[in-house]
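Colleague:
Residue numbers (mature numbering (1 follows the signal peptide of the UniProt record, and there is no 0)): -20 to -1, 1 to 180.
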């Protein structure tokens, strides 16, 4: 189910550019509360951006939409905050990894640097468009699902994905679909595990 979403994003990207470099895997890490298994994947849920100021910026919309779509496929019903039994908080960090291996975070402050993983949203990224090995655009999507009544975290996960800066999978919609599909594959996963999810 989730792998189908990954394949869809990859096929859409391929249609845009047949010469794009093959992407690497998405690295996914997840944590599951010991008593949360029976509560996950069902009921009502509200999807929000981390942080209140600027949390609903246009840059976040593809990622929130992709997360909401995956949660719906898992069995959740998206609703408004007041009616939700669970809250999903979405954070995003985008960065540039240079050909020399240096990592430069790029942030406009969306999502702050709060929560388990912290984040920001990158725009206006300066990347290497010259010859030789290309810089990579990295995205780290982190989602926390908590009980609305107690604020206790039930599930946390993050997905990290790096692609050449000229790859169609670096574009927001395809990037968001790829990250979200990988993050929620085989949901909820095992507590503390880190897996590699291949992107076709």
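A virtual CB, placed ideally from N, CA and C, is assigned to each residue, including glycine.
For residue 63, which option in 53, 129, 143, 21 has the closest C-alpha, if you only look at C-alpha atoms?
Modeller: Here the question's residue 63 lines up with position 83 in the chain shown. For the residues 53, 129, 143, 21, the minimum Cα distance to residue 63 belongs to 129.
Colleague: Can you tell me which of 156, 133, 17 puts its alpha carbon nearest to the alpha carbon of residue 73?
Modeller: For the purposes of this step, residue 73 is taken as residue 93 along the chain shown, with counting starting at 1. Among 156, 133, 17, the Cα nearest to that of residue 73 is on 156.
Colleague: Can you list, in chain order, the residues of its chain with a C-beta nearer than 6 Å to that of residue 12? Leave out the 5 residues immediately preceding and following it.
Modeller: Taking the first residue of the chain shown as position 1, residue 12 is located at position 32. Only 135, 168, 171 meet the Cβ criterion.
Colleague: Give the secondary structure of residue 144 by DSSP, where H, G and I count as helix, E and B as strand, and everything else as coil.
Modeller: In the chain shown, the residue the question calls residue 144 occupies position 164. Three-state result, residue 144: strand.
Colleague: With burial defined as no fewer than 16 other Cβ atoms inside 10 Å of the residue's Cβ, what is the status of residue 61: buried or exposed?
Modeller: Locating residue 61 in the chain shown gives position 81, where the first residue counts as 1. Exposed, by the Cβ-count rule.
Colleague: Whose CA, out of 139, 9, 131, 132, lies closest to the CA of residue 47?
Modeller: Here residue 47 refers to the residue found at position 67 when the chain shown is read from its first residue. Checking every option, the nearest Cα to that of residue 47 belongs to 139.
Colleague: In the DSSP output, what is residue 116 paired with across the bridge?
Modeller: Position 136 of the chain shown, counted from the first residue, corresponds to residue 116. Beta-bridge pairing links residue 116 to 77, 144.
Colleague: On a CA-only basis, which of 68, 18, 148, 55 is nearest residue 44? Give me that one, please.
Modeller: Here residue 44 refers to the residue found at position 64 when the chain shown is read from its first residue. Of the candidates 68, 18, 148, 55, the one whose C-alpha sits nearest the C-alpha of residue 44 is 68.
Colleague: Roughly how many angstroms lie between the CA atoms of residue 141 and residue 15, to the nearest whole one?
Modeller: To locate residue 141, count along the chain shown from 1; it is residue 161. To locate residue 15, count along the chain shown from 1; it is residue 35. The straight-line gap from Cα to Cα measures roughly 30 Å.
Colleague: Which same chain residues, not among the five before or five after residue 106, have their C-beta less than 8 Å away from its C-beta?
Modeller: Along the chain shown, one-based indexing puts residue 106 at 126. With a pLDDT of 40 at residue 106, under the threshold of 50, the modelled position of that residue is not reliable, and the figure given next carries that caveat. 76, listed in sequence order.
Colleague: Please name the residue, chosen from 4, 25, 5, that lies closest to residue 123 on a Cα-to-Cα basis.
Modeller: The residue labelled residue 123 in the question sits at position 143 within the chain shown. Per the Cα distances, 25.
Colleague: Straight-line CA distance for residue 3 to residue 180?
Modeller: In the chain shown, residue 3 corresponds to position 23, counting from 1. In the chain shown, residue 180 corresponds to position 200, counting from 1. Roughly 8 Å between the two C-alpha positions.
Colleague: Assign residue 138 to one of three DSSP states: helix, strand, or coil.
Modeller: In the chain shown, the residue the question calls residue 138 occupies position 158. Strand at residue 138.
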